[in-house]
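With my numbering as the guide, the letters of the sequence shown map in order to residues 17 to 284. First the structure, in the form of structure tokens, and then the observations on it.
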Amino acid sequence: MLEIKTVDESPAAGDYVFIFAKDNAVVSLQRPPDQFWLRHEAEQAFGDVGVGAPLGYWAGRPSYVVEVESQGLNAMEHLSGNLYSLFGRVPDAVFAAYGRALQMLSWKRDHRFCGRCGAETLLTDGNKALACKACNHSSYPRLNPCVIVAVGKGEQLLLATAAGRATGFHSTLAGFIEPGESAEQAVIREVQEEVGISVTNVRYFTSQPWPFPSQLMLGFFADHADGDIVIDPTEIAHADWYSRDALPVIPPPQSIAGQLIHQFFAAP
Ligand SMILES: [Zn+2]
């Protein structure tokens with residue numbers, strides 16, 4: 017897996033580089049996506065790719081994310097696809113590394129200039145921050161914490177489809193944590209807002225980085241306390257209680273939603 021720590025060597029030909037063209041990961045058709053590019057191979061294929069942003073270490077080698085122009089891609093040699101197309105198709109550690117790479121790249125792109133005074137920024141603090149040359153204001157990569165919750169009622173689980181997003185799945189409810197709110201409070205508020213019921217016994221399960229574009233999903237279980245399902249149609253297209261033997265199509269087991277659902281029905 018990608019070891020997240022400060023890269024203190026100078027960039028070298030033997031570094032790994034994760035290549036993106038806009039938001040698409042670029043892999044070589046000559047080998048599987050978990051055999052990463054070395055810097056000198058990337059330069060051979062695309063010319064000067066710049067230093068990029070350091071990510072940490074993969075298998076003991078410094079690793080960077082770099083950006084190339086889409087026009088430089090050759091359909092006979094390169095495959096470029098959005099990050100989601102890799103989800104579940106490559107080992108989890110490889111997907112997580114690509115996820116970190118895209119988030120660090122997006123952060124660098126979006127903070128080229130200081131949000132406070134508009135001057136240019138430079139990497140600083142062991143490459144962990146972008147600091148303003150003029151006023152010294154620094155920006156760190158931003159994560160957006162979200163809660164995702166499996167609400168149980170006896171042996172039944174609440175599953176819903178989102179309005180306006182054709183995923184084809186019935187899934188657990190999720191939403192962003194608001195400033196000033198605890199994760200548990202967000203669970204209670206989101207469930208109330210989206211399906212009109214109150215929940216109790218909110219308990220933490222596990223978390224998962226979700227780089228679409230930069231969420232950290234915090235998974236919870238909760239129990240139905242009161243009320244019938246009344247959906248908010250701006251958020252939810254359909255919601256109902258489901259039993260183990262009559263499940264609709266659910267998210268893949270690599271996702272935290274899939275894990276919550278599996279765990280709910282696996283519990284004694
Ligand atoms: Zn500034």
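Quick reminder that beta carbons are idealized off the backbone N, C-alpha and C, glycines included. Nothing here was measured: the structure is a model prediction, and the numbers come from that model.
In terms of residue numbering, what span does the beta strand (DSSP E) encompassing Gln231 cover?
In the sequence shown, residue 231 corresponds to position 215, counting from 1. Segment 231-242, the beta strand (DSSP E) holding Gln231.
Measuring CA to CA, which of Glu85, Glu206, Ala91, Glu19 is closest to Ala166?
If you number the sequence shown from 1, residue 166 lands on position 150. The candidate whose alpha carbon is nearest that of Ala166 is Glu206.
Does DSSP classify Tyr258 as helix, strand or coil?
Residue numbering aside, residue 258 sits at position 242 when the sequence shown is read from its first letter. In the structure shown, Tyr258 sits in a strand (DSSP, three-state: E or B).
Using the three-state DSSP reduction, which class does Phe36 fall into: helix, strand or coil?
Numbered from its first residue, the sequence shown carries residue 36 at position 20. Of the three classes helix, strand and coil, the one that applies to Phe36 here is strand, per DSSP.
Have a look at Glu59 and Tyr32 and give me their C-alpha separation to the nearest angstrom.
Within the sequence shown, numbered from 1, the residue matching residue 59 stands at position 43. Within the sequence shown, numbered from 1, the residue matching residue 32 stands at position 16. The alpha-carbon atoms of Glu59 and Tyr32 are separated by roughly 12 Å.
Between the Cα of Gly191 and the Cα atoms of Asp141, Gln231, Gly180, which residue gives the shortest distance?
Taking the sequence shown and counting its residues from 1, one reaches residue 191 at position 175. Here the closest residue by C-alpha is Gln231.
How many Å lie between Phe185 and Leu89 at the Cα?
Taking the first residue of the sequence shown as position 1, residue 185 is located at position 169. Taking the first residue of the sequence shown as position 1, residue 89 is located at position 73. Each residue's Cα considered, the two are about 34 Å apart.
How would you call Leu263, buried or exposed, if buried means at least 16 neighbouring beta carbons within 10 angstroms?
Sequence index remark: in the sequence shown, residue 263 carries index 247 (1-based). Exposed, because fewer than 16 other Cβ atoms sit within 10 Å of the Cβ of Leu263.
Does any heavy atom of ligand 1 sit closer than 8 Å to the C-beta of Cys151?
Start at 1 with the first residue of the sequence shown, and residue 151 comes out as number 135. Judged by the Cβ position, Cys151 qualifies as a neighbour of ligand 1 at the 8 Å threshold, a heavy atom of the ligand being closer than this.
Just to confirm, does Arg128 get its C-beta within under 8 Å of one of the non-hydrogen atoms of ligand 1?
Within the sequence shown, the letter at position 112 stands for residue 128. Result no, Cβ not under 8 Å from ligand 1.
Quick check: the Cα distance between Phe236 and Phe62, rounded to an integer number of angstroms?
Along the sequence shown, one-based indexing puts residue 236 at 220. Along the sequence shown, one-based indexing puts residue 62 at 46. Approximately 45 Å, taken between the alpha carbons.
In chain order, what residues of the same chain lie with their CB nearer than 7 Å to the CB of Pro225, ignoring the 5 residues before and after it?
Here the question's residue 225 lines up with position 209 in the sequence shown. Taken in chain order, the residues that qualify are Ala112, Gly115, Leu232.
Taking the beta carbon of Thr188 as the centre, do at least 16 other beta carbons fall within 10 Å, making it buried, or is it exposed?
Here residue 188 refers to the residue found at position 172 of the sequence shown. It counts as buried.
Between the region 152-165 and the region 114-131, are three or more C-beta pairs nearer than 8 Å?
yes
Give a yes or no on whether the C-beta atoms belonging to Leu118 and Asp39 are separated by under 9 Å.
Residue 118 sits at position 102 when you count from the first residue of the sequence shown. Residue 39 sits at position 23 when you count from the first residue of the sequence shown. It is a contact, given that the beta carbons lie within the stated cut-off.
For the region 196-206 against the region 71-91, do three or more pairs of beta-carbon atoms, one drawn from each stretch, fall closer than 8 Å, so that the two count as touching?
no
For ligand 1, is there a heavy atom less than 8 Å away from the beta-carbon of Ala190?
The residue you call residue 190 lines up with position 174 of the sequence shown. Outside the cutoff, so no.
Between Cys151 and Arg128, how many whole angstroms is the CB-CB distance? I'm expecting something under 8 Å.
Taking the sequence shown and counting its residues from 1, the one referred to as residue 151 is at position 135. Taking the sequence shown and counting its residues from 1, the one referred to as residue 128 is at position 112. About 15 Å separates the two Cβ atoms, so there is no contact after all.
In this structure, how does DSSP classify Tyr220 when only helix, strand and coil are distinguished?
The count along the sequence shown starts at 1 and reaches residue 220 at position 204. Under the three-state reduction of DSSP, Tyr220 is assigned to strand.
Does ligand 1 have a heavy atom nearer than 8 Å to the CB of Ala135?
For the purposes of this step, residue 135 is taken as the residue at position 119 of the sequence shown. Yes, Cβ of Ala135 sits closer than 8 Å to a heavy atom of ligand 1.
For the beta strand (DSSP E) holding Ala166, just list the boundary residues, first then last.
Here residue 166 refers to the residue found at position 150 when the sequence shown is read from its first residue. 160-169 is the span of the beta strand (DSSP E), which, as asked, contains Ala166.
Taking the C-alpha atoms as reference points, what is the distance between Asp256 and Thr177?
Residue 256 sits at position 240 when you count from the first residue of the sequence shown. Residue 177 sits at position 161 when you count from the first residue of the sequence shown. So the alpha carbons of these two residues sit roughly 10 Å apart.
Answer with buried or exposed for Cys213, where buried requires no fewer than 16 other C-beta atoms within 10 angstroms of its C-beta.
Looking up residue 213 in the sequence shown gives position 197. First, the amino acid is wrong: residue 213 is Ile here, not Cys. Classification of Ile213: buried, given that the 10 Å Cβ count is 16 or more.
Would the beta-carbon of Leu174 fall within 9 Å of that of Val211?
As a first step, residue 174 must be located in the sequence shown, where it is residue number 158. As a first step, residue 211 must be located in the sequence shown, where it is residue number 195. In this structure, Leu174 sits near Val211, with a CB-CB distance shorter than 9 Å.
Is the separation between the beta-carbon of Leu45 and that of Leu95 shorter than 9 Å?
As a first step, residue 45 is located in the sequence shown; it is residue number 29 there, counting from the start. As a first step, residue 95 is located in the sequence shown; it is residue number 79 there, counting from the start. The answer is yes: Cβ separation under 9 Å.
Does the distance from the CB of Val23 to the CB of Pro70 come in under 9 Å?
Mapped onto the sequence shown, residue 23 falls at position 7. Mapped onto the sequence shown, residue 70 falls at position 54. The answer is yes: Cβ separation under 9 Å.
Let me check understanding here. Comparing Cα to Cα, which of Glu57, Pro27, Ile272 lies closest to Gly68?
Within the sequence shown, the letter at position 52 stands for residue 68. Nearest option by C-alpha distance: Pro27.
Do the CB positions of Ala37 and Glu83 come within less than 9 Å of each other?
On the sequence shown, position 21 is the one that residue 37 refers to. On the sequence shown, position 67 is the one that residue 83 refers to. Contact flag set, yes.
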